[in-house]
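**Student:**
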Amino acid sequence: SIPAAVLAEFPHQGDKRLCMKWISVAGCSGTGSGGCFDNKRAHFRPKQLPDIARTHIK
Numbered sequence: 057s058i059p060a061a062v063l064a065e066f067p068h069q070g071d072k073r074l075c076m077k078w079i080s081v082a083g084c085s086g087t088g089s090g091g092c093f094d095n096k097r098a099h100f101r102p103k104q105l106p107d108i109a110r111t112h113i114k
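Every position in the sequence shown, counted from 1, becomes a number in the working numbering once 56 is added.
1) Going by DSSP in three states, His99 sits in which element: helix, strand or coil?
2) With a threshold of 6 Å on Cβ separation, who are the neighbours of Gln104 within its own chain once the five nearest residues in sequence on each side are excluded?
3) May I ask you to report which of helix, strand or coil DSSP gives Leu63?
4) Under the three-state reduction of DSSP, which class applies to Lys114: helix, strand or coil?
5) Rounded to a whole number of angstroms, what is the C-alpha to C-alpha distance between Ile58 and Thr87?
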């Protein structure tokens with residue numbers, strides 16, 4: 057599971073949080089609205105990614 061401190065720092069697009077799988081090397085295979093399988097996540101390229109989030113993804 058993802059620590060709350062990491063989730064709190066992730067970028068949002070409207071009311072949706074950035075899909076971590078989408079920005080990872082593996083990618084997200086979701087086909088839902090916005091591309092993600094989870095309707096609470098969005099696929100977008102943030103201008104910056106906080107260090108705590110970047111470290112967790114690696």
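The beta-carbon is built from N, C-alpha and C at its ideal position, and this holds for glycine as well.
**Tutor:** Based on what the coordinates show:
1) Annotated three-state conformation of His99 is coil, per DSSP.
2) Its chain contains no residue whose beta carbon lies nearer than 6 Å to that of Gln104 once the 5 sequence neighbours on both sides are disregarded.
3) Leu63 falls in the helix class under three-state DSSP.
4) Here Lys114 sits in coil by DSSP.
5) Approximately 23 Å, taken between the alpha carbons.
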